[in-house]
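Sequence lines, in order, name chains A and B.
All the letters of the first sequence, read from the start, carry residue numbers 2 to 151 under our numbering.
All the letters of the second sequence, read from the start, carry residue numbers 501 to 652 under our numbering.
From the three backbone atoms N, C-alpha and C, an ideal C-beta is built for every residue, glycine too.
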Amino acid sequence: MKISLKINQKYEIPEIHVCGSENNAEIRKLYHTVKEAVEESLLAYQDKEAVSIRCGDVIRIFSANKMVYLETSDGQFRIKERLYEMEKKLDKTRFVRISNSEIVNLRKIQRMDTSVTGTIKMYLQNDIETYVARRYVSKIKAAFETYMNS
Amino acid sequence: MIKNAFIRGLNSFMYSIGITLTILCICFMGSNHIPLLPEFASRFDNTIEAFTVQLILIGLSSASLGAGSVVMEMERLSLLTQSIIYFIITAFVWGLVGCYCWGLHKYPLTMLGVGCSYIISYTISWIIQYRICKKSVDEINRKINELQMEGA
């Protein structure tokens, strides 16, 4: 793999390009790794202390008791934005809404289960379990297809 | 959720009133007849009053169908539980309206037939929804496995 540094005045904003002869798994992984490394962070709060959290570290964002929280492997943090604002802000190819009160990171989903009675459960990293609303199942499927094609 | 239920109930009420009035116009233009059971109409001073009461009751039963649909979005309840709760709410309201407007309780076999067909249509709808959902979840799990293998 070749890594090069180009300095040119035409690049007013720094750019990173991942180049390959075909869109294969290796190229996609490289692209997402670089993207996660330079993406913007979210400002969250824990015990009145402000913390900067990388989007890639977020497992899920959910609303509870009229507040919005995000959860990472380090714990839960409160955020000031509303859930619909976070939905607009986050990368739609990596985050998907699974219910009226929750958005999850696609890369943190481990599996989904449908029980005999029709409950849809989602298992996330860090042994987190949550429920999926049936009307969002098709959107989750579409989000995965978009993510894998991006 | 309550706000959603209220909005859906109100919308359903208005739509059903509109549709029923449209059917009334068509019946009246076609046969000069207002769709009312004579037994029900005899309880009121005039036909217009009877039809208005029937119209409002139909509107209320549609409102219950619309408002009750919020149950189907409570993801923590299973599809089976959601369907049972929704069935109970709608069957209860429809049963009352059917008995009052159309004397359904006087014809036990008819009532049983209507009840059975309602349950059967519910069951079929539930089975279809479950199978569609299961297929989608299986496809999602396949994509998750592909992603995990790429990341490994």
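Rounded separation between residue i and residue j - CA only
i: Lys140 of chain A; j: Ser625 of chain B; result: 21 Å
i: Cys599 of chain B; j: Lys606 of chain B; result: 8 Å
i: Leu609 of chain B; j: Gly595 of chain B; result: 14 Å
i: Ile507 of chain B; j: Ile17 of chain A; result: 49 Å
i: Tyr622 of chain B; j: Asn546 of chain B; result: 38 Å
i: Ala652 of chain B; j: Leu107 of chain A; result: Confidence at Ala652 of chain B is low in this model, with a pLDDT of 49, below 50, so its placement is unreliable and the value that follows should be read with caution. Approximately 16 Å between the Cα atoms of the pair.
i: Gln10 of chain A; j: Cys20 of chain A; result: 21 Å
i: Lys634 of chain B; j: Ile54 of chain A; result: 35 Å
i: Leu580 of chain B; j: Gln111 of chain A; result: 25 Å
is_contact[residue i, chain B] using C-beta, thresh 8 Å
i: Tyr132 of chain A; result: yes
i: Gly119 of chain A; result: yes
i: Lys36 of chain A; result: no
i: Arg68 of chain A; result: Reading off the sequence shown, one finds Met at residue 68 of chain A, where the question assumed Arg. No, because no Cβ of chain B sits closer than 8 Å to the Cβ of Met68 of chain A.
i: Ala26 of chain A; result: yes
i: Val152 of chain A; result: Because chain A is modelled from 2 through 151, residue 152 of chain A falls outside the range shown and cannot be assessed.
Nearest to residue i (by Cα), restricted to the options the options
i: Gln47 of chain A; options: A:Lys36, A:Pro15, A:Leu84, A:Met68; result: A:Met68
i: Tyr630 of chain B; options: A:Ser116, A:His33, A:Asp128, A:Ile99; result: A:Ser116
Simplified DSSP assignment, three categories, for residue i
i: Val133 of chain A; result: coil
i: Phe544 of chain B; result: coil
i: Arg112 of chain A; result: strand
i: Ser578 of chain B; result: coil
i: Asn9 of chain A; result: coil
i: Asn106 of chain A; result: strand
i: Lys122 of chain A; result: strand
i: Tyr607 of chain B; result: coil
Residue-level contact to chain A via CB, residue i, 8 Å cutoff
i: Lys643 of chain B; result: yes
i: Val637 of chain B; result: yes
i: Lys503 of chain B; result: no
i: Ser708 of chain B; result: This structure cannot speak to residue 708 of chain B, because chain B is shown only from 501 to 652.
i: Ile640 of chain B; result: yes
Residue i: CB within 7 Å of a non-hydrogen atom of the ligand FAD
i: Arg631 of chain B; result: Absence of the ligand FAD is noted for the structure shown, with no ligands found whatsoever.
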